[in-house]
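Asks:
In the numbering used here, the protein residues as written are 1 to 84.
1. Exposed or buried, which one is residue 77 when buried takes at least 16 other CB atoms within 10 Å?
2. So, under 8 Å CB-CB, residue 103 and residue 11 are touching, yes? Tell me the CB distance rounded to an integer number of Å.
3. Considering only the alpha carbon of each residue, which of 19, 26, 24 and 60 lies closest to residue 159?
4. At the level of alpha carbons, what is the spacing between residue 17 and residue 24?
5. Do you know whose CA, among 36, 9, 6 and 4, lies nearest residue 74's CA?
6. So, using beta-carbon positions, are residue 38 and residue 22 closer together than 8 Å?
7. How far does the alpha helix (DSSP H) with residue 83 in it reach, from first residue to last?
Take a look at the structure:
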């Protein structure tokens, strides 16, 4: 159980550092990468909570959230490459 708490703490620390990078960055690509890291860490946190509380429902939410995050990154990357 303590290992899960350490993993959650490190995940939260990574999210805070990525949030600082998101605020500090100037280009759209840098902001999108930082936001993608935050959403990935949020999904990892949901997986850890799923393990802690032994809830498969949280795991389902993490999978759907990760897929939506991937789709959003894909759309922004296409927009950045080609425009509207």
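Ideal placement from N, C-alpha and C gives every residue a C-beta, glycine not left out.
Replies: Taking the coordinates as given:
1. exposed
2. Residue 103 lies beyond the range of the chain shown here (1 to 84); nothing can be said about it.
3. The question about residue 159 has no answer here: the residues shown for the chain are numbered 1 through 84.
4. 11 Å
5. 36
6. yes
7. Unbroken run through residue 83: none, as it is neither H nor E.
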